[in-house]
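K.L.:
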Amino acid sequence: TQVQTKVEGGENDPTAMQMQQAIAMMYGPGGASQLFGKVDEKHLLTGISVDDATLTAAIGSIKANADPLSKLVELQLVNKNLPHQRAAAFYLSVDVLANTVVDYLGKMGLGIPPLQLKPNLPPIGFTAGSEGSAFRGDCFVPTDLLAGLVAAGMQMQMKMRNPPQPGGPGGPAGGGVGM
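Under my numbering, the sequence shown is numbered contiguously, ending at residue 177.
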């Protein structure tokens, strides 16, 4: 099943135009395309703006009962700190999200310097399951992620307070005062 995101509103509706611009910036001119499909009796696969090669690889992994995500070092830390008995697991790559937001803000002319994040930071992990007759939800936030985000935020703040000066290191050429 395919679901396509569409913003309703005319060309004279500034709110609809802003929403369409934001969606096009995030997902491309066609908007977000969400695909849902049953792989087998136990698995439902969902992809949002994912290419065919990625979906094909995911289907192949499910059918082969493989778990390529569990081999990623950054996920191993998260998974060992979450319950192993679970119905679902979700991961949020905050570093990817933060870089995306800063990139979009820069495209909007806000002059925010790029983030200097360590590569392959572990994500935030969420699991859902049951324990006895109760629903259980768990979350794990790795300290490496927090430390990386704090360091990048401090660097960004310093760059914003002390922007490169014309003619100085990292600044545009020229500068000076004409008389």
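The C-beta atom is built at its ideal place from N, Cα and C for all residues, glycine as well.
Quick caveat: nothing in here was measured; it's all calculated off a predicted structure.
#1: For serine 91, which of helix, strand or coil comes out of DSSP?
#2: Quick one: which unbroken beta strand (DSSP E) runs of 3-plus residues sit fully inside the segment 104 to 163? Chain order, please.
#3: Could you tell me the distance, in whole angstroms, from the CA atom of aspartate 49 to the CA atom of alanine 56?
#4: Terminal residues of the continuous beta strand (DSSP E) containing leucine 43?
#5: Express the C-alpha separation of asparagine 160 and glycine 174 in angstroms, rounding to a whole number.
#6: DSSP on glutamine 0, reduced to helix/strand/coil?
#7: Can you check which of these residues, Ala86, Ser91, Ile60, is closest to leucine 144 by C-alpha distance?
#8: Let me know if aspartate 93 comes out buried or exposed under the rule of 16 or more other beta-carbons within 10 Å of its beta-carbon.
P.N.:
Taking the geometry as given:
#1: coil
#2: 122 to 129, 132 to 138
#3: 11 angstroms
#4: 42 to 46
#5: Residue placement at glycine 174 is flagged as unreliable, the pLDDT there being 48, under the threshold of 50; the coordinate-derived value follows with that caveat. Rounded to the nearest angstrom, the two C-alpha atoms are 18 angstroms apart.
#6: strand
#7: Ser91
#8: buried
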